[in-house]
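Its first residue numbered 1, the first sequence is counted upward by one per residue in UniProt numbering. Take a look at the structure set out below.
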Amino acid sequence: LGSDSAVLQPPHSTGFTESSLALLKREDGLEMVDHKPCLDGSDRGHPGLYLSCFDMLFTEDAAWLVRVSDSSTSTDIGPRLEPCQEPEQCPVIDSPGLGASPLSPTLEEQVEERSLEQVQSLVVGEVLKDIETACKLLNITPDPMEWNCGNVQKWLLWTEHLYRLPQVGKAFHDLDGKDLCSMSEEDFRQRSPQCSETLHAHLDIWKSAAWMKERCSGGETRMRGTSQKQHKLWSEADSSCSGQPIHLWQFLRELLLKPHSYGRCIRWLNKEKGIFKIEDSAHVARLWGLRKNRPAMNYDKLSRSIRQYYKKGIIRKPDVSQRLVYQFVHPV
DNA sequence: TATTAGGATGGCG
DNA sequence: CGCCATCCTAATA
């Protein structure tokens, strides 16, 4: 990935606050750190790393991110000859039975997985800080669901200022936080054609932040006394929060939350209804085995565990049953 | 041939 | 005991 400038200059907005951008601009340094643990001597670039970092912040609705990634890595969007640049996304080595080769990428995957999480937690920490700053400044809570109409207006004003958007507050004057959160991007578009994308994406960041914060503080009180460390909060909120072993359904949610990294092997068919499709069963199983330290994991066994969820009411088959398609009973 | 459904069993925290 | 991981049979696409 030679032309990183495209990543730093989204088409129509800066996309992030100064501090977030500053972090982005340090990407050379991060690259070095990132490759340090890579012992196999392969020095190839790492397309998608920085974009992947934001998968947990942006949903697939954040079109500009996707667009940037497509244009900057235009060589590998062809579905046919996708070069094996990111082993975790390479489906070629998925011979389930007697493959002799899949051993080498496994270690690499773990290393990349880990360094990716490190970068993620860094970025996420910055974003969290920005949100906290904004909350203090505006005297609002971080959770958009708790906002009243006045809070919504303040947030809009702040966001307009941040992204240098035209003032569109009037179009949202009758909405409180709950209303705002329930709006799709299309709803946003109806009220503000020019700013819908940015507003919706930015609100998504806040929603994600509130969601993760709630999950962490609600689940475990151990960390409460030392509430000073945010990166801990975020980097572990989605996976190993509260030290409990991760559940399969949580793991699947994690993958679905990072479409840029895992969209090729698992993706939402209908996010609102919680319907998702496993596009590459062997790949997902391999990732699950990686996480649980079960090298012999395969889709046969993974799917058996998913089926255990039927009785528990966590995951079910959608009304129109399709192969490799499941549905969360309780969508977020 | 891959996927699906679900029974049986055993390991582990 | 809950949550898989593993193995297995039978049915289905």
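Note that the Cβ used here is the ideal one computed from N, Cα and C, for glycine as well.
In angstroms with no decimal places, state the Cα-to-Cα distance between Q190 and A296.
Their Cα atoms are separated by approximately 50 Å.
Looking only at its chain, what residues have a beta carbon closer than 6 Å to the beta carbon of R286, apart from the 5 residues adjacent to it on each side?
None.
Considering only the alpha carbon of each residue, which of V325, M145, H202 and L128 lies closest to W158?
Comparing Cα-Cα distances from W158 to each of V325, M145, H202 and L128, the minimum goes to H202.
How about Y309 and F276: are their beta carbons less than 8 Å apart?
No, they are not a contact pair.
Would you kindly report the start and end of the unbroken beta strand (DSSP E) that includes I278?
That run of the beta strand (DSSP E) goes I275 to I278.
Helix, strand or coil for V325, going by three-state DSSP, please let me know.
It is a strand residue.
Where does H260 land, buried or exposed, given buried means 16+ other C-beta within 10 angstroms?
H260 should be labelled buried.
Taking DSSP's pairing of strands, which residues face W268 in a bridge?
Answer is F276, bridged to W268.
Look up R316 in the DSSP assignment and give the residues it is bridged to.
Partner(s): Q327.
Using only CA atoms, which one of E279, N298 and W288 lies nearest to I246?
Comparing Cα positions, the closest option is W288.
Smallest Cα separation from W211: which of E160, G313, P144 and S281?
Selected option, being the one with the closest Cα: P144.
According to DSSP, simplified to helix, strand and coil, what is P245?
Here P245 sits in coil by DSSP.
Expressed to the nearest angstrom, what Euclidean distance is found between the alpha-carbon atoms of K213 and G125?
In a straight line, the C-alpha of K213 is about 12 Å away from that of G125.
Nearest to A171 by CA position, among L180, R164 and V284, is which residue?
Ranking L180, R164 and V284 by Cα distance to A171 puts L180 first.
Round the Cβ separation of T198 and L165 to the nearest angstrom and send it over; I've been treating them as touching at under 8 Å.
That pair is a contact at about 6 Å.
Where Y262 and Q167 are concerned, what is the direct C-alpha to C-alpha distance, given to the nearest angstrom?
Roughly 36 Å between the two C-alpha positions.
Applying the 10 Å Cβ sphere with the 16-neighbour rule, what's the burial state of D319?
Looking at its Cβ environment, which holds fewer than 16 other Cβ atoms inside 10 Å, D319 is exposed.
Taking the alpha-carbon of E160 as reference, which of S182, Y299, C149 and C195 has the nearest alpha-carbon?
Measuring from the Cα of E160, the nearest candidate turns out to be C195.
Run the proximity test for D174: is its beta-carbon closer than 7 Å to any non-hydrogen atom belonging to the ligand MN?
With respect to the ligand MN, the structure shown offers nothing to examine, as it has no ligands at all.
Among the residues of its own chain, which have a CB less than 8 Å from the CB of P331, if the five just before and after it don't count?
Taken in chain order, the residues that qualify are K271, E272, K273 and G274.
Please work out which residues of its chain come closer than 7 Å, Cβ to Cβ, to K154, disregarding the five sequence neighbours upstream and downstream, and give them in chain order.
Excluding sequence neighbours, K154 sits near L138 and I140.
Quick one: grab the DSSP three-state call for residue 357.
Shown here, the chain extends from 1 to 332; a query on residue 357 therefore has no answer.
Rounded C-beta distance between H173 and E185? I'm assuming under 8 Å.
Incorrect: roughly 20 Å between the Cβ atoms, too far for contact.
Within the continuous alpha helix (DSSP H) that includes V152, where are the two ends?
Taken as a continuous stretch (DSSP letters only), the alpha helix (DSSP H) holding V152 covers C149 to Y163.
Taking DSSP as the reference, what is the three-state secondary structure of residue 368?
There is no way to answer for residue 368, as the model of the chain reaches only from 1 to 332.
Taking the alpha helix (DSSP H) that H173 falls in, what are its first and last residues?
Here H173 belongs to no alpha helix (DSSP H), and DSSP marks it neither H nor E.
Excluding the 5 residues preceding and the 5 following K301 in the sequence, name in chain order all residues of the same chain whose CB lies nearer than 6 Å to its CB.
Around K301: no qualifying Cβ.
Taking C-beta to C-beta, are E254 and R267 nearer than 8 Å?
No.
Under three-state DSSP, which class holds A296?
A296: coil per DSSP, three-state reduction.
Would you say F169 and W147 are within 8 Å of each other, going by their C-beta atoms?
The amino acid at residue 169 is misidentified as Phe; the sequence shows Gly. Taking 8 Å as the Cβ cut-off, G169 and W147 do not qualify as a contacting pair.
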